[in-house]
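What follows is one structure encoded as structure tokens, with my remarks underneath.
Protein chains: 2
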Amino acid sequence: MKNIVKIKRALISISDKSLLKSLLPVLSKYKIEIISSGDTYKKIKKFGFENIKISSFTESNEILGGRVKTLHPKIHAGILNIRNNKNHRIDLIKNNFKEIDLVIVNFYPFKNVIKKNNDFKNIIESIDIGGPALVRSAAKNFHDVLVITNPKNYIDVVNEINKYKGSTSLNFRQQMAVNAFNEIANYDSIIANYFNDKFNIKFPNKKTFTGELIENLRYGENPHQKAAIYSNENNINIKQLHGKKLSFNNYNDIFSALSISKFFKKNNGTVIIKHANPCGVSIEKNNLKSFNLAFNCDPVSAYGGIVSCNFKINKKFAKKLNQFYFEIIIANKFERDALKILKKRKNVRLINAHNFQNKGNSNILFYKKNFLYQDSDDLITNKKNLKVVSKKKPSKHEMESLIFAFNICKYVKSNAIVLVKDKSTIGVGSGQPSRLDSCDLAINKAKRFQFRNLLNSVAASDAFFPFTDGLEKLIQSGVSAVIQPQGSIRDREIIKLADKTGTVLVFSKTRHFKH
Amino acid sequence: MKNIVKIKRALISISDKSLLKSLLPVLSKYKIEIISSGDTYKKIKKFGFENIKISSFTESNEILGGRVKTLHPKIHAGILNIRNNKNHRIDLIKNNFKEIDLVIVNFYPFKNVIKKNNDFKNIIESIDIGGPALVRSAAKNFHDVLVITNPKNYIDVVNEINKYKGSTSLNFRQQMAVNAFNEIANYDSIIANYFNDKFNIKFPNKKTFTGELIENLRYGENPHQKAAIYSNENNINIKQLHGKKLSFNNYNDIFSALSISKFFKKNNGTVIIKHANPCGVSIEKNNLKSFNLAFNCDPVSAYGGIVSCNFKINKKFAKKLNQFYFEIIIANKFERDALKILKKRKNVRLINAHNFQNKGNSNILFYKKNFLYQDSDDLITNKKNLKVVSKKKPSKHEMESLIFAFNICKYVKSNAIVLVKDKSTIGVGSGQPSRLDSCDLAINKAKRFQFRNLLNSVAASDAFFPFTDGLEKLIQSGVSAVIQPQGSIRDREIIKLADKTGTVLVFSKTRHFKH
Chain A
185 MKNIVKIKRA
195 LISISDKSLL
205 KSLLPVLSKY
215 KIEIISSGDT
225 YKKIKKFGFE
235 NIKISSFTES
245 NEILGGRVKT
255 LHPKIHAGIL
265 NIRNNKNHRI
275 DLIKNNFKEI
285 DLVIVNFYPF
295 KNVIKKNNDF
305 KNIIESIDIG
315 GPALVRSAAK
325 NFHDVLVITN
335 PKNYIDVVNE
345 INKYKGSTSL
355 NFRQQMAVNA
365 FNEIANYDSI
375 IANYFNDKFN
385 IKFPNKKTFT
395 GELIENLRYG
405 ENPHQKAAIY
415 SNENNINIKQ
425 LHGKKLSFNN
435 YNDIFSALSI
445 SKFFKKNNGT
455 VIIKHANPCG
465 VSIEKNNLKS
475 FNLAFNCDPV
485 SAYGGIVSCN
495 FKINKKFAKK
505 LNQFYFEIII
515 ANKFERDALK
525 ILKKRKNVRL
535 INAHNFQNKG
545 NSNILFYKKN
555 FLYQDSDDLI
565 TNKKNLKVVS
575 KKKPSKHEME
585 SLIFAFNICK
595 YVKSNAIVLV
605 KDKSTIGVGS
615 GQPSRLDSCD
625 LAINKAKRFQ
635 FRNLLNSVAA
645 SDAFFPFTDG
655 LEKLIQSGVS
665 AVIQPQGSIR
675 DREIIKLADK
685 TGTVLVFSKT
695 RHFKH
Chain B
185 MKNIVKIKRA
195 LISISDKSLL
205 KSLLPVLSKY
215 KIEIISSGDT
225 YKKIKKFGFE
235 NIKISSFTES
245 NEILGGRVKT
255 LHPKIHAGIL
265 NIRNNKNHRI
275 DLIKNNFKEI
285 DLVIVNFYPF
295 KNVIKKNNDF
305 KNIIESIDIG
315 GPALVRSAAK
325 NFHDVLVITN
335 PKNYIDVVNE
345 INKYKGSTSL
355 NFRQQMAVNA
365 FNEIANYDSI
375 IANYFNDKFN
385 IKFPNKKTFT
395 GELIENLRYG
405 ENPHQKAAIY
415 SNENNINIKQ
425 LHGKKLSFNN
435 YNDIFSALSI
445 SKFFKKNNGT
455 VIIKHANPCG
465 VSIEKNNLKS
475 FNLAFNCDPV
485 SAYGGIVSCN
495 FKINKKFAKK
505 LNQFYFEIII
515 ANKFERDALK
525 ILKKRKNVRL
535 INAHNFQNKG
545 NSNILFYKKN
555 FLYQDSDDLI
565 TNKKNLKVVS
575 KKKPSKHEME
585 SLIFAFNICK
595 YVKSNAIVLV
605 KDKSTIGVGS
615 GQPSRLDSCD
625 LAINKAKRFQ
635 FRNLLNSVAA
645 SDAFFPFTDG
655 LEKLIQSGVS
665 AVIQPQGSIR
675 DREIIKLADK
685 TGTVLVFSKT
695 RHFKH
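The listed protein sequences derive, respectively, from chains A and B.
Heads up, the first sequence is in my numbering, so the first residue is 185 and it goes up one at a time.
Heads up, the second sequence is in my numbering, so the first residue is 185 and it goes up one at a time.
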């Protein structure tokens, strides 16, 4: 059964009036009475259509400068009454209340207000009370009432009313009700999190997250998983200039790449990512050099990976890139000539991430119905956070390499060992349950691919060495300076080993586990 | 300035009346008028305190069987008026409206209703409309009004009113308003997601997640990150029986362990986890044997790891466990004698996960303000999903080992190679950008730790081999059967290699990337 319901009366109370005009002819055609207020009322009149002020309908003045308009039993009973319930019908007749069968509401745009505005009073005033109450009433009573919260659905409403000649079907009302409930939850989540931030409440008793759909994806991490990408912002501020649609794993890699690239100095540095893990990073000032060094850290893994350039790509650079197969090339803009060259490859996706920002300071790990919620690891190590604990002191150049290595560690899955020469990684050991295995991995990579030997390279460990064996292995392979967090019960033995071998050892106060 | 506001009138409309009695004496003491409705009204009267029915206060009957009670301008203007705004004051006097300075509301418990109930009509009826509207009005006007949504705060209210002799401070009103906004967002999110599930809408335009605080954690993944754990359910259904408080990384490891353990048959199988990655898994029927084999897969990494036993731990087993150092031992219950033995170690945490269930079917990856939302990878491979593509066919025993290996692959970070003998892993290669490196890792682990050689072991790969080199390496080390997803352009070459070497090769239709 289609459960067709005739629309006798519509309530319209909208903040975004852009598409209002498109709705009015069909309402007029089927002699649907319109109730509205304030600017909506004026606009409808201006368009030449009849409508009744809410205050006339309720016979109750709009008060408190508009704070209380629609919170009235005549309105809510008109919406909420169950049409086939006898007692409800009697209540309506007794009170001389009229049925409202269509509710079109969109809220004060709280999200935009807090973006543009710092005036707390103004922000509070833009918390919509009447709107959400109307939408909740109408959505709850979707069996009899149609609720519309998004102007994008106006065209569907017009089609629906035309199709059913002034009525609506249950199926459509259900769909729109679900939209409405999602809309309210999203609106309330944004308000709640604004207040959490404002009053510095990090972990409230009940926490809500929300986002707007950016796009449905072909599938998720694997083809049997459905997926979509959402954002808390209005968009994710990356622009695809060429290539096939981005996949789930593409986005995952892009975010991993940009979290590293955007921490570099402006217009500087190359990152190569494979399976969301960096397999080569360089912050050499010369862009071509930085690419070459990042690539040479692990040219085998770089194949089919993604390269993120924290600078504008020119023609010369594009020619270089075109020699290799990357799934994605990210840059802070592309010169026109460069784009022409890169677009020759059909299989590459080109992304302009010039406007991307790593906004936000929290990190959430979901496990089905549970989630771990934490500050994101945004700490950037500099000289102040460090303590040289070995007798041998690092040169300025060594210190810079150590700091770079430790900051890159943060982005590598634990246990992480990062080998660096000058300003480029030469070996990345990641994702191992044993720190010694990660040392082996990093050293083997460096031995396999480096045209330069490991002599005078430096190493960073994301957490302390539990034993001396890892450090020993690094020193044996040629590493001259090591940075690691303090905290092992064997810290003393480790310092002793460094001193015995003339190795520079630097302790950081912080750890960078990433699981 | 403390912005003290005198409470003249309180509106109480509560679903959970358990602590109502504790509130009433202080309201009476300071001559605060109480407005209430329905059962709340009766209960207050029963406790011997004066109160006024909302319908008397509004001079408007409760209608539609309770669907419309508080949605009245007299109520909302009473709450929403800005006390120091002259025009608002005039509006109030003109309409003979009275100020409401305290709003105590808790909602129909929608979450509990949907848990216990399948009757859609009943569920819809339990969507609270008036409650959230009252709370939003009061929270918006926190500068003048106190809003309370959680009975746990009644004691604070009593203290506050006593402290300020019938008034409240701005600071307290602010705190409670933030609670209220979080409460509404949580409530609406639960409703929205109920409807999404009900009507099978996986990716709505606006998606919201929510959870209740389970506990604040000492810190997050690293000591400089603050953290807490939340759940969508009322609790996470694990019970800590012994040891220090669980840390962020403990929870992360526990969830990783249980996602594997709970996929096993009942009362069967051992998993050892280090850094959220499995380093040993066995489903041998004999529990002690399963532990030994899981442990021996990588005894070095197992040190300080967590062991998850999908069975009840008895005394004999406890004695065995006590020979090693684990951070956490998880089991489906512990025998009393076993508990006594295990509790001797101060540093171990003991977890009873008998009631834990891997509920929920979605997976979310957060990147700051963006999130990737997908179905969780819940596909369990069985014979039907597979195709033997080699000339040599697997024995029944080989097939079982292959299926076990492939199902474990799913839980290992990509690229994943899992070596299995009988019903236990003997080598896990994880987290590498190159599949060949993961092969090396798995083979080296097996060679290093296995008392049995690799002859007749089987291997699983979470995604297809892009070249023949990985497969070749596995075969050379003694692997007799391999399972992998189909899909490489070199699938034919790979089948050819299997046939040339007399290796069993099985293709699955699905991939199990996990990043």
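Note that CB positions come from ideal geometry on N, CA and C, so glycine has one too.
Should residue i be counted as a contact of the ligand COA given a C-beta to heavy atom distance under 8 angstroms?
i: A/His-699; result: Absence of the ligand COA is noted for the structure shown, with no ligands found whatsoever.
Take residue i and list the residues in its own chain whose beta-carbon comes closer than 8 angstroms to its own, dropping the five residues that flank it on each side.
i: B/Ala-626; result: Ile-601, Val-602, Leu-603, Gly-611, Val-612, Gly-613, Ala-643
i: A/Thr-694; result: Leu-563, Thr-565, Asn-569, Pro-669
i: A/Lys-530; result: Gly-427
Kindly identify the DSSP beta-bridge partner or partners of residue i.
i: B/Ala-643; result: B/Leu-603, B/Val-666
i: A/His-426; result: A/Leu-534
i: A/Val-287; result: A/Leu-195, A/Val-331
i: A/Gln-558; result: A/Asn-547, B/Ala-411
i: A/Thr-454; result: A/Ser-466, A/Cys-493
i: A/Gly-395; result: B/Lys-391
i: A/Ala-630; result: None; A/Ala-630 has no bridge partner.
i: A/Phe-501; result: DSSP, once it has assigned bridges, lists no residue as partnering A/Phe-501.
i: A/Ser-608; result: A/Ser-466, A/Lys-605
i: A/Phe-518; result: A/Ile-497
i: B/Leu-689; result: B/Val-666
i: B/Val-252; result: B/Ile-247
Excluding the 5 residues preceding and the 5 following residue i in the sequence, name in chain order all residues of the same chain whose CB lies nearer than 7 angstroms to its CB.
i: A/Tyr-403; result: Gln-409, Lys-410, Ala-411, Phe-432
i: B/Asn-245; result: Ser-239
i: A/Ser-474; result: Gly-453, Thr-454, Ser-466, Ile-467, Glu-468
i: A/Lys-227; result: Lys-201, Leu-204
Counting only C-beta atoms, is residue i closer than 9 angstroms to chain B at any point?
i: A/Lys-428; result: no
i: A/Glu-367; result: yes
i: A/Gln-358; result: yes
i: A/Phe-649; result: no
i: A/Tyr-348; result: no
i: A/Ser-197; result: no
Kindly say whether residue i, judged by its beta-carbon, lies nearer than 9 angstroms to any beta-carbon of chain A.
i: B/Phe-394; result: Checking the displayed sequence, the identity of residue 394 of chain B turns out to be Thr instead of Phe. By this cut-off, B/Thr-394 is an interface position.
i: B/His-581; result: no
i: B/Asp-561; result: yes
i: B/Ala-376; result: yes
i: B/Cys-463; result: yes
i: B/Gly-615; result: yes
i: B/Lys-458; result: yes
Residue i touches chain E at which residues, Cβ-Cβ below 8 angstroms?
i: B/His-256; result: No chain E appears in this structure, whose protein chains are A and B.
Can you list the residues of chain A that residue i reaches, using a CB-CB cut of under 7 angstroms?
i: B/Tyr-292; result: By Cβ distance, chain A contributes nothing, its closest Cβ being about 11 angstroms from B/Tyr-292, past 7 angstroms.
i: B/Val-484; result: Ser-618
Leaving out five residues before and five after residue i in sequence, what residues of the same chain have Cβ atoms less than 6 angstroms from its Cβ?
i: A/Ile-284; result: Arg-193, Leu-195, Gly-262, Ile-263
i: A/Glu-367; result: Thr-333
Kindly list, in the order they appear in chain B, the residues whose Cβ is closer than 8 angstroms to that of residue i.
i: A/Ile-277; result: Going along chain B, no residue has its Cβ under 8 angstroms from A/Ile-277, so there is no contact; the nearest lies around 11 angstroms.
i: A/Pro-388; result: Val-362, Asn-363, Asn-366, Leu-397
i: A/Ser-353; result: Those do not exist, as A/Ser-353 stays about 14 angstroms from chain B at its closest Cβ, beyond 8 angstroms.
i: A/Leu-264; result: Leu-248, Arg-251, Val-252, Ile-313
Going along chain B in order, which residues have a C-beta closer than 9 angstroms to the C-beta of residue i?
i: A/Gly-250; result: Neighbours of A/Gly-250 on chain B: none; closest Cβ ~10 angstroms, over 9 angstroms.
Under 8 angstroms Cβ-Cβ, which residues of chain A neighbour residue i?
i: B/Thr-694; result: Asn-406, Pro-407, His-408
List the residues of chain A whose Cβ lies closer than 9 angstroms to the Cβ of residue i, in chain order.
i: B/Asn-436; result: Leu-549, Tyr-551, Leu-556, His-699
i: B/Asn-516; result: Chain A residues near B/Asn-516: none, gap ~18 angstroms exceeds 9 angstroms.
List the residues of chain B that residue i touches, going by C-beta distances under 7 angstroms, in chain order.
i: A/Ala-261; result: Ile-247, Leu-248, Val-252
Legend entry - Residues of the stretch 316-337 of chain A with Cβ closer than 9 angstroms to any Cβ of chain B, in chain order: Pro-316, Ala-317, Arg-320, Ser-321, Ala-323, Lys-324, Asn-325, Phe-326, His-327, Asn-334, Lys-336
Legend entry - Residues of the stretch 398-419 of chain B with Cβ closer than 9 angstroms to any Cβ of chain A, in chain order: Residues Ile-398, Asn-400, Leu-401, Tyr-403, Gly-404, Glu-405, Asn-406, Pro-407, His-408, Gln-409, Lys-410, Ala-411, Ala-412, Ile-413, Tyr-414, Ser-415, Asn-416, Glu-417.
Legend entry - Proximal residues, the stretch 537-553 of chain A versus chain B, C-beta separation under 7 angstroms: Asn-542, Lys-543, Gly-544, Asn-547, Ile-548, Leu-549, Phe-550, Tyr-551, Lys-552, Lys-553
Legend entry - Near-chain B residues of the stretch 651-681 of chain A (beta-carbon distance less than 8 angstroms), N- to C-terminal order: none
Inset, instruction - Please name the residues in the stretch 585-599 of chain A whose beta-carbon is closer than 7 angstroms to at least one beta-carbon of chain B, in chain order. - result: Lys-597, Ser-598, Asn-599
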